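Input: a single structure, listed below in structure tokens.
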Amino acid sequence: MSRNADNWLLRVTNLTKIYGEPNENTIALTGPEFNSNICPETESIVACADISFDLYPGEVLGIVGESGSGKSTVVKLLYFDMEKTGGAAWLKPYADGNIEMLSESNQKKRFIRNNLMGMVYQNPRDGLNFNFTSGGNIAEKLIMAGNYHVGEIRERASDLLTKTEVPVLRMDDRPANFSGGMQQRVQISKAIANNPPLLFLDEVTTGLDVSVQAKVLDLIRELQQDLGIAMIVVSHDLSVIRMLTDRTIVMKNGRIVESGLTDQILQDPQHEYSRLLVSSLL
Amino acid sequence: MVANIKYANKYNFAFIDEATKKEIRRKLLKAVAIPGYQVPYSSPEMPIARGWGTGGLHVTLAVIGRKDVFKIIDQGSDASVNACNLREFVQQMTNVQTTYDTAEATLIQTRHRITEEELTEDQIFVYQVPQPEPLRSVERYENRTRQMHGEADYAKMWVSLYESFVRDGDIMLGAGYPVKVNKRYIMAPSPIPKWDVPNLNQSKALHLFGAGREKRLYAVPPYTTVEPLEFEDVKFHTENFVGTECYKTGYKKAFLDELYFDDGSKHFIINDSNFLDKLEGKAEPKQHENKYINQLES
């Protein structure tokens, strides 16, 4: 896919999230140079600041960094799980990229979430309703996008579960009775139910055992190749990043310290922290 | 000497003081203006405990006038304890004429039924509501349900209907089937049977709902669209009385109660006592019409 200035799918500029009450020095006094994201003057916490990047259709972008570096915050802001403090984001399929999406009303945000995005959380409990069956969880996403035909919903749900290798026989069971890997696959089915152009993956394999991890990663890679979904993959695990992503952003203390092609970053890390990260890879 | 009339009566007309009545009426106006929207209100103390019909009573006493003819039913019956006690209370506090006759009444308070006889433009129908929040079964927190209503975010409700269909092969909701009012708000029609739900649609009467314990009022104005929630392929349907009939009148097109006699035999009888009386008296009361009832043979 050709990349030029105009065919971006998601454009993010200066995305910022600060907890507490910052003053005008807060951003200048935090960040990797200070090795801290707590403002010494106001004690407000800068979860992320000045995050800018473009994502192109079908591209997989990795966000890597240690825990507390703000990488999950970025995707949660973009998926409207949190309110931004500052910055802006545009999504091409929404109003042809002309309307800043983070300032829209809750109703519009929900439309974007349900029709144009999918999210897979680290903990399946965040993405699934454990009181509903796995079919019901997928149905929720389809209903939110305006499908009120039970027959069609069930057909689509069974297609998705087949695609993600969950036995269709268990469609009417609750995910609470599933293994961790299976819960994660149900979550992926739900996230891609409406064929979104953009999918967020937040530490999806953390907490799964190695063989299941490999299967889930395989699944994600297959889906990406089959459906051409653009993805933002958040992980602290460089092998996940290496396996899935084309381009990577390295974050520390709420800032981007380095960005570039994944191979390049892994072969020849420029920033001190990236070097540390790569050298810690087993 | 100027006679002191202010304290001549022990109670104000219709028990509640005028300022509070005014407040309730104002909230009722808001409820009528936004069909299906739950309006918080004061829910003042009454001589009966909250949850025993105070919501309906507040509405009745706030809107009743000296010329009204009052009827009250409990589960379709004019003679059950709740109906008798509240009727006596309203009568004592207002001195209005009371009646059993649905057609004659101008103000009807009800618990859990709509009358079988069709309502007219001159009537106000008041419901006692135990749980005004239709989303309570899927969301525990009030602040969230309010937000869900505000943003018309009803996916959870729909999923619970889907789940019910998957589990049991049908939408297993009996009394209080959720409805969408004026294509906007999802509303709990109070625990009326599914049989009565279609009668709210485009009804000629004004329907007012009062939930005293939960302190909410809501309304369905005359000629408002009220649709039960249903999927494109899994449809709403009313209770099924196939093969049964009222043992007293032989009538089939009404909501029936199941009765067991001392000898163990099972019989069915029309639930609406006034409707039954009229049929037995060879009168021909005009019944509600809707697409579900029209399919049945009489």
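The listed protein sequences correspond, in order, to chains A and B. Each residue of the first sequence is one higher than the last, beginning at 764 in my numbering. Each residue of the second sequence is one higher than the last, beginning at 27 in my numbering. Note that the Cβ used here is the ideal one computed from N, Cα and C, for glycine as well. Since the structure is predicted, the reported quantities are computational estimates derived from the model, not experimental observations.
Opposite A:S998 in the DSSP bridges: which residues?
-> Counted from its first residue, the first sequence places residue 998 of chain A at position 235. Its beta-bridge partners are A:V827.
Taking DSSP as the reference, what is the three-state secondary structure of A:N777?
-> The residue given as residue 777 of chain A occupies position 14 in the first sequence. In this structure, A:N777 counts as strand in the three-state DSSP scheme.
The region 853-880 of chain A: which residues have C-beta closer than 9 Å to a C-beta of chain B, in chain order?
-> Hits within the stretch, in order: S868, N869, Q870, R873 and N877.
Alpha carbon to alpha carbon, how far is A:I911 from A:F893?
-> Locating residue 911 of chain A in the first sequence gives position 148, counting from the first residue. Locating residue 893 of chain A in the first sequence gives position 130, counting from the first residue. Rather than Ile, the amino acid found at residue 911 of chain A in this sequence is Tyr. Each residue's alpha carbon lies about 22 Å from the other.
By Cβ distance, which residues of its chain are closer than 8 Å to A:V931, with the 5 residues on each side in sequence left out?
-> Here residue 931 of chain A refers to the residue found at position 168 when the first sequence is read from its first residue. Excluding positions up to five away in sequence, the list reads S921, L924 and T925.
Taking one C-beta from the region 958-972 of chain A and one from the region 825-840 of chain A each time, how about it: are there three or more such pairs within less than 8 Å?
-> The region 958-972 of chain A vs the region 825-840 of chain A: in contact.
Closest Cβ-Cβ distance between B:Y167 and chain A: below 8 Å?
-> Position 141 of the second sequence, counted from the first residue, corresponds to residue 167 of chain B. Closer than 8 Å: no.
Can you list, in chain order, the stretches of the beta strand (DSSP E) that have 3 or more residues and sit fully within the region 970-1025 of chain A?
-> For the region 970-1025 of chain A, whole beta strand (DSSP E) runs of length 3 or above, ordered along the chain, are 993-998, 1010-1015 and 1018-1024.
Closer than 7 Å, Cβ to Cβ, to anything on chain A: give me those residues from the region 251-278 of chain B, in chain order.
-> Close to chain A, meaning a Cβ-Cβ distance shorter than 7 Å, are the following residues of the region 251-278 of chain B: F257, E258, D259 and V260.
Under 8 Å between C-beta atoms of B:L322 and B:K274 | Translated into the one-based positions of the second sequence, residue 322 of chain B becomes position 296. Translated into the one-based positions of the second sequence, residue 274 of chain B becomes position 248. No, these two residues do not count as a Cβ contact at 8 Å.
C-alpha distance - B:A109 paired with B:Q135, whole-angstrom precision | As a first step, residue 109 of chain B is located in the second sequence; it is residue number 83 there, counting from the start. As a first step, residue 135 of chain B is located in the second sequence; it is residue number 109 there, counting from the start. Going by the C-alpha atoms only, they are around 9 Å apart.
Please report the Cβ distance between A:H1034 and A:V1013, rounded to the nearest whole angstrom; I am assuming they are in contact, meaning their Cβ atoms lie under 8 Å.
-> In the first sequence, counting from the first residue as 1, residue 1034 of chain A sits at position 271. In the first sequence, counting from the first residue as 1, residue 1013 of chain A sits at position 250. That pair is a contact at about 7 Å.
Could you please give me the residues that DSSP links to B:Q154 through a beta bridge?
-> Here residue 154 of chain B refers to the residue found at position 128 when the second sequence is read from its first residue. Answer by DSSP bridge pairing, in chain order: B:G236.
Cutoff 8 Å: A:I955 Cβ touching any chain B Cβ | Residue mapping note: residue 955 of chain A aligns to position 192 of the first sequence, counting from 1. Between A:I955 and chain B, the shortest Cβ-Cβ separation is not below 8 Å.
Going along the chain, which residues of the region 187-207 of chain B sit with their C-beta nearer than 8 Å to a C-beta in chain A?
-> Within the region 187-207 of chain B, those residues whose Cβ lies closer than 8 Å to any Cβ of chain A are, in chain order, Y188, E189, F191, V192 and R193.
Any contact of the region 94-102 of chain B with the region 244-262 of chain B, i.e. 3+ C-beta pairs under 8 Å?
-> No: fewer than three Cβ pairs fall under 8 Å.
How about A:N900 and A:P938: are their beta carbons less than 8 Å apart?
-> Within the first sequence, residue 900 of chain A is the residue found at index 137, counting from 1. Within the first sequence, residue 938 of chain A is the residue found at index 175, counting from 1. Taking 8 Å as the Cβ cut-off, A:N900 and A:P938 qualify as a contacting pair.
What are the residues of the region 1007-1037 of chain A that lie near chain B, defined by any Cβ-Cβ distance shorter than 7 Å?
-> Answer in chain order: no residues at all.
C-alpha distance - B:I319 paired with B:G77, whole-angstrom precision | On the second sequence, residue 319 of chain B is found 293 positions in, with the first residue counted as 1. On the second sequence, residue 77 of chain B is found 51 positions in, with the first residue counted as 1. When only Cα atoms are considered, B:I319 and B:G77 end up about 32 Å apart.
Identify the continuous beta strand (DSSP E) that holds A:C811 and give its terminal residues.
-> Stepping through the first sequence from its first residue, residue 811 of chain A is reached at position 48. First-last of the beta strand (DSSP E) with A:C811: I808 to L818.
Within-8 Å CB hit, B:E177 to chain A | Residue 177 of chain B sits at position 151 when you count from the first residue of the second sequence. B:E177 counts as touching chain A.
So, A:I826 versus A:V979, is the Cβ gap smaller than 8 Å?
-> As a working note, residue 826 of chain A is residue 63 in the first sequence. As a working note, residue 979 of chain A is residue 216 in the first sequence. Against a cut-off of 8 Å, the Cβ pair of A:V979 and A:I826 comes out as no contact.
Ordered list of beta strand (DSSP E) runs contained in the region 56-111 of chain B, each at least 3 residues = Assignment of beta strand (DSSP E) within the region 56-111 of chain B, counting only whole runs of 3 or more residues, yields 95-100 in chain order.
A:T789 (DSSP reduced to helix, strand or coil) | Numbered from its first residue, the first sequence carries residue 789 of chain A at position 26. A:T789 falls in the coil class under three-state DSSP.
Determine contact between the region 275-294 of chain B and the region 118-127 of chain B, defined as no fewer than three beta-carbon pairs at a distance below 8 Å.
-> In this structure the region 275-294 of chain B does not touch the region 118-127 of chain B; the number of beta carbon pairs closer than 8 Å is below three.
Exposed or buried, what is B:H175 when buried is set at 16 or more other beta-carbons lying within 10 Å of its beta-carbon?
-> Locating residue 175 of chain B in the second sequence gives position 149, counting from the first residue. So B:H175 ends up on the buried side.
Is the region 217-236 of chain B close to the region 151-169 of chain B, with three or more CB pairs under 8 Å?
-> The region 217-236 of chain B is in contact with the region 151-169 of chain B.
Contact with chain A by B:W184, beta-carbon distance below 8 Å = As a first step, residue 184 of chain B is located in the second sequence; it is residue number 158 there, counting from the start. Yes, contact with chain A.
Per DSSP, A:E883 forms a beta bridge with which residues?
-> The residue given as residue 883 of chain A occupies position 120 in the first sequence. Here the sequence assigns Val to residue 883 of chain A, which means Glu is not the residue at that position. Paired residues: A:L964.
Look up B:H293 in the DSSP assignment and give the residues it is bridged to.
-> As a working mapping, residue 293 of chain B is identified with position 267 in the second sequence. B:L285, per the DSSP bridge assignment.
Near B:F8, which residues of its chain fall below 8 Å by C-beta distance, leaving aside the five closest residues on each side in sequence?
-> Outside the modelled stretch of chain B, which goes from 27 to 324, sits residue 8 of chain B, for which no answer is possible.
Spell out a yes or no on whether the region 812-821 of chain A and the region 941-959 of chain A are touching, meaning 3 or more CB-CB pairs, one atom from each, closer than 8 Å.
-> The region 812-821 of chain A and the region 941-959 of chain A do not touch, with fewer than 3 CB-CB distances between them shorter than 8 Å.
Using a Cβ-Cβ cut-off of 8 Å, state whether A:G914 counts as contacting chain B.
-> Looking up residue 914 of chain A in the first sequence gives position 151. Answer yes: the Cβ-Cβ gap between A:G914 and chain B drops below 8 Å somewhere.
In the DSSP assignment, what residue or residues form a beta bridge with B:F41?
-> In the second sequence, the residue the question calls residue 41 of chain B occupies position 15. In the DSSP output, where bridge partners are listed per residue, B:F41 has B:N38.
Which bits of chain B does A:A902 rub up against, with CB to CB less than 7 Å?
-> As a first step, residue 902 of chain A must be located in the first sequence, where it is residue number 139. Ordered by position in chain B, the residues that pass the 7 Å Cβ test against A:A902 are V185 and Y188.
In angstroms, rounded to a whole number, what distance separates the CA positions of B:A34 and B:G82?
-> What you label residue 34 of chain B is simply residue 8 of the second sequence in a count that begins at 1. What you label residue 82 of chain B is simply residue 56 of the second sequence in a count that begins at 1. The alpha-carbon atoms of B:A34 and B:G82 are separated by roughly 28 Å.
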